[in-house]
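Keeping their order, the protein sequence lines are chains A and B.
Going by my numbering, the first sequence opens with residue 37, and the numbers climb by one from there.
Going by my numbering, the second sequence opens with residue 8, and the numbers climb by one from there.
Here the structure is laid out as structure tokens; the discussion comes afterwards.
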Amino acid sequence: MSEPALLDPPTHSAGTGRGRGLRGARARTAKESAIGGALFAAGAVSILTTVGIIAVLVWESVAFFRRVSITEFLTGTVWTPLFVPQNFGVLPLLAGSILVALVAAVIAIPLGLGSAVYLSEFAPVRLRAWLKPILEILAGVPSVVYGYFALTFVTPILQVIVPGLDMFNALSAGIVVGIMVVPLIASLSEDAMNAVPRELRDGAYALGSTKFEVATRVVTPAALSGIVASFILAISRAIGETMAVVLAAGMTPNLTFDVRESIQTLTAYIVQVSLGDTPFGSIEYQSIFAVGLLLFVVTLVMNIFGLWFLRRYREEYA
Amino acid sequence: MSGKRRSLEAPPELVARRRRGKVFQALCLAATLVGVVTLVVLLADVLVDGVKWLSPTFFTEFPSRLPARAGIKSALYGTVWLMGLVALISFPIGVAAAVWLEEYAGKGWLRTAIQTNISNLAGVPSIVYGILGLAIFVRWMFALTGGRSVISGALTISLLVLPILIIAGQEAIRAVPNSIREASYGLGATKWQTVRHHVLPNAMPGILTGTILALSRAIGETAPLIMIGALTFIAFVPEGPRDQFTVLSIQVYNWVSRPQDDFRGLAAAAIIVLLALLLSMNALAIWLRNRYRKEW
């Protein structure tokens with residue numbers, strides 16, 4: 037597909053005098069560095085994106101915090117920005133996000149880790165070739181579809197089992213968010229387990245270990261930093277999850293740890309405000325930036341930790 | 008005699024250890040199957056609820072207050088517009104950034120900074136991109152984008168999928184063996200000639216696979232588009248990038264959030280269309296990956 041290129045002369049001056057050759061070379065050098073510059077500009081878009089996110093969030097949050105004190109925002113327990121009297125205590129939203137993430141973790145950690153161990157240690161090659169793409173599809177199903185599933189399937193079933201379950205509740209939302217992040221835990225943990233050197237397994241087998249003992253006492257501890265990373269990244273993903281939570285958990289800011297009740301998460305509040313007719317510059321409008329900033333900081337800190345753990349195991353076994 | 012035979016059998020302690028292993032293996036298999044079964048149940052749930060709403064008019068009608076007359080025409084057009092623009096914007100930037108990182112950046116601090124930044128951006132919740140899009144593309148660049156328009160949505164979603172695209176592009180470029188680059192340099196080619204004529208053509212199937220997967224992520228995105236104000240009820244088709252729009256996923260959200268059963272059925276039908284698009288994109292990506300897989 038690129039044969040002619042191989043025949044291109046090294047400079048564009050073939051068959052002409054030395055001077056022209058040099059000029060050609062100089063032009064080519066200029067072209068080369070222009071291209072290098074253009075490519076760098078594309079890479080710099082990602083830096084601009086980060087700068088843009090931080091600038092926008094901080095700029096509007098500063099305007100918000102001129103009207104509401106940071107202390108009230110971070111320690112207040114009532115969140116009623118859309119009624120009078122307005123209260124801007126973010127704890128109910130933060131608690132909602134944490135509650136959903138906890139339920140999701142309870143579901144996703146055992147399922148994801150079990151899947152990872154099965155795929156990396158036990159699955160026959162042909163079964164694995166089927167299971168991996170299915171998990172990828174599970175990860176690719178849009179969040180709004182999980183929201184539909186939670187509302188029309190999971191919640192009605194849970195209402196039969198769990199007495200006093202609201203139509204909108206944290207439990208159903210947490211369960212589907214948990215299912216959503218199972219593939220993330222499974223694939224990152226499996227990568228970490230696959231990176232454990234063969235010698236470690238062989239050594240354990242030579243000492244008479246069974247497959248189970250190799251999996252649980254050699255491979256899992258050796259892959260631990262990758263596994264922990266997958267948990268952290270999955271919980272961070274669960275905190276940032278939006279549409280499934282909007283649909284299944286409702287829009288009730290509620291400082292509770294009762295999973296049967298309707299709650300509102302940080303993300304759901306942002307959606308609620310942008311669905312309404314909120315004028316630019318109003319305090320409600322500014323509040324989504326303050327909530328967004330909190331969400332961004334929480335997920336960023338978790339992601340940095342998670343990526344740091346990932347790098348650790350990659351360095352160990354690289 | 009009996010003592011000898013016993014020594015050939017596994018000692019009871021080992022039998023117990025093996026049994027524990029079997030139980031553990033079965034538990035791990037069960038954990039894996041929960042995901043598979045959930046996917047099957049989810050698909051079945053959607054099909055059962057939605058299939059009867061899939062009629063030809065469902066594709067040719069605008070949304071309506073009357074469920075029997077409602078369709079996804081505006082959402083389909085909006086989705087095609089949005090995906091087309093996202094592909095046009097994100098593909099060149101993503102590939103260029105991947106080439107810079109892999110071929111030009113060297114090993115300095117700048118590369119480390121941008122690479123770390125990209126990994127972190129990949130983990131930023133999608134709704135935060137929506138906030139960025141609302142402030143920058145809808146408000147700040149209003150004169151250019153026309154506010155709550157297809158192009159604002161496309162720019163927002165492009166920023167969202169860029170990290171995925173760049174990382175996939177880098178993997179594809181890294182998979183091209185160095186011997187190819189060295190042969191090209193050996194014949195006197197410059198860096199850009201080498202990249203343009205050898206590295207990129209060889210990496211292209213991988214890059215395209217990554218692009219399709221990134222777009223299949225984009226097609227289901229809802230929250231950032233709600234943020235930038237893609238409307239939930241639109242009875243016209245966008246005719247230019249500065250027009251207002253809606254997309255399939257937002258149409259789904261709109262219908263799910265209504266209490267009447269008929270609208271839930273419409274939502275399920277729209278989900279079937281959305282998942283059909285998404286799965287065909289995934290299938291195309293897998294096919295591309297297998298078709299052009301190279302063993303070096």
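All C-beta atoms in this analysis are idealised placements derived from N, C-alpha and C, irrespective of residue type, glycine included.
| query | If you compare alpha carbons, which of GLN200(B), ALA221(B), VAL244(B), ALA175(B) is closest to MET211(B)? | reply | Taking MET211(B) as reference, the option from GLN200(B), ALA221(B), VAL244(B), ALA175(B) with the minimal CA-CA separation is ALA175(B).
| request: State buried or exposed for ASP268(B), treating a residue as buried only when at least 16 other CB atoms are found within 10 Å of its CB. | output: Under this definition ASP268(B) is an exposed residue.
| message | Please report the distance separating the alpha-carbon of SER97(A) from that of LEU329(A). | response | Roughly 7 Å separates the two Cα atoms.
| Rounded to whole angstroms, how far is the Cβ of GLY112(A) from the Cβ of LEU127(A), which I believe are closer than 8 Å? | Confirmed, Cβ separation roughly 6 Å.
| query | When you compare only the Cα positions, how much space is there between MET37(A) and VAL202(B)? | reply | At MET37(A) the pLDDT is 40, less than 50, meaning the model places this residue with poor confidence and gives no usable figure here.
| query | Taking just the CA atoms, how far does GLN308(A) sit from ALA285(A)? | reply | Going by the C-alpha atoms only, they are around 13 Å apart.
| query | chain B partners of ILE173(A), CB-CB under 8 Å? | reply | Those are LEU46, LEU286, ASN289, listed as they occur along chain B.
| request: Consult DSSP for PHE124(A) and reduce its assignment to one of helix, strand or coil. | output: In the structure shown, PHE124(A) sits in a strand (DSSP, three-state: E or B).
| query | What are the boundary residues of the alpha helix (DSSP H) that THR216(B) is part of? | reply | For THR216(B), the enclosing alpha helix (DSSP H) has its first and last residue at 207-226.
| Cβ neighbour criterion (16 or more within 10 Å) applied to SER62(B) | Classification for SER62(B): exposed.
| said: Across the stretch 163-179 of chain A and the stretch 60-76 of chain B, are there enough close Cβ pairs to call them in contact, namely three or more that are closer than 8 Å? | reply: Flag = no, the stretch 163-179 of chain A and the stretch 60-76 of chain B do not touch.
| query | Cβ atoms of LEU129(A) and TRP115(A): under 8 Å apart, would you say? | reply | Against a cut-off of 8 Å, the Cβ pair of LEU129(A) and TRP115(A) comes out as a contact.
| message | Could you give the first and the last residue of the continuous alpha helix (DSSP H) run that contains LEU295(B)? | response | In the DSSP annotation of this structure, the continuous segment of the alpha helix (DSSP H) that includes LEU295(B) starts and ends at 268-298.
| request: Would you check if the distance between the CB atom of ASP56(B) and the CB atom of GLY217(B) is smaller than 8 Å? | output: 8 Å or more divides the Cβ of ASP56(B) from the Cβ of GLY217(B).
| Bridge partners - TRP60(B), DSSP secondary structure assignment | Partner(s): none; TRP60(B) has no beta bridge.
| Across which residues does DSSP place TRP115(A) in a beta bridge pair? | Looking at the DSSP assignment, TRP115(A) forms a beta bridge with PHE124(A).
| Under 7 Å by beta carbon: chain B residues contacting TYR241(A) | Here the premise fails: no neighbours, minimum Cβ distance about 13 Å.
| said: Measuring only the C-alpha atoms, how far is PHE345(A) from PRO70(B)? | reply: The straight-line gap from Cα to Cα measures roughly 48 Å.
| request: Determine the burial state of THR301(A): buried for a count of at least 16 other Cβ atoms within 10 Å of its Cβ, exposed for fewer. | output: By the 10 Å Cβ count, THR301(A) comes out buried.
| In whole angstroms, what separates the C-alpha of LEU40(B) from that of ASN290(A)? | ASN290(A) has its alpha-carbon roughly 35 Å from the corresponding atom of LEU40(B).
| task | Specify whether the stretch 47-54 of chain B and the stretch 181-194 of chain A touch according to this definition: at least 3 beta carbon pairs, one from each stretch, less than 8 Å apart. | result | Short answer: they touch.
| said: If contacts are defined as beta-carbon pairs under 8 Å, then LEU232(B) and ILE257(B) qualify, I think. What distance do you get, rounded to the angstrom? | reply: About 6 Å separates the two Cβ atoms, so the contact holds.
| request: Give a yes or no on whether 8 Å exceeds the smallest Cβ distance from PRO169(A) to chain B. | output: Taking 8 Å as the threshold, the shortest C-beta distance from PRO169(A) to chain B falls below it.
| Local conformation of ILE241(B) per DSSP, three classes | Residue state, collapsed to three classes: coil.
| query | What are the boundary residues of the alpha helix (DSSP H) that includes ASN230(A)? | reply | Per DSSP, ASN230(A) is one residue of the alpha helix (DSSP H) stretching across 206-230.
| Which of helix, strand or coil does DSSP assign to LEU336(A)? | Note: LEU336(A) maps to helix in three-state DSSP.
| said: Taking its Cβ as the centre, do 16 or more other Cβ atoms sit within 10 Å of ALA105(B), making it buried, or is it exposed? | reply: By the neighbour-count rule (16 or more Cβ atoms within 10 Å), ALA105(B) is buried.
| Simplified DSSP state of GLN258(B), which is helix, strand or coil | In this structure, GLN258(B) counts as helix in the three-state DSSP scheme.
| query | Is the beta carbon of THR253(B) less than 8 Å from the beta carbon of ILE235(B)? | reply | Cβ distance not < 8 Å, so THR253(B) and ILE235(B) don't count as in contact.
| task | Please state whether DSSP places ARG237(A) in a helix, a strand or coil. | result | Helix at ARG237(A).
| field | Complete runs of the beta strand (DSSP E) confined to the stretch 149-211 of chain A [at least 3 residues] | value | Fully enclosed beta strand (DSSP E) runs of 3 or longer: not present.
| task | Take the Cβ of LYS67(A) as the centre, count every other Cβ of all protein chains shown within 10 Å, and call the residue buried at 16 or more, exposed below. | result | Note on LYS67(A): under 16 other CB atoms within 10 angstroms of its CB, so exposed under the neighbour-count rule.
| task | Spatial neighbours of LEU194(A) within its chain, please: CB distance less than 7 Å, with the 5 preceding and 5 following residues excluded, ordered by chain position. | result | Closer than 7 Å at the Cβ level, and outside the excluded window around LEU194(A), lie LEU201, LEU207, SER208.
| field | Contacting residues, own chain, Cβ-Cβ under 6 Å from ALA275(B) (five flanking each side not counted) | value | Non-local C-beta neighbours of ALA275(B) in its own chain, meaning closer than 6 Å and more than five positions away in sequence, comprise VAL53, ASP56, GLY57, ordered along the chain.
| field | Contact between the stretch 225-232 of chain A and the stretch 150-168 of chain A (3+ Cβ pairs under 8 Å) | value | In short, these stretches touch, since the Cβ pair count reaches three.
| chain B contacts from the stretch 317-332 of chain A (Cβ-Cβ distance under 8 Å) | Answer in chain order: ILE324, PHE325, GLY328, LEU331, PHE332.
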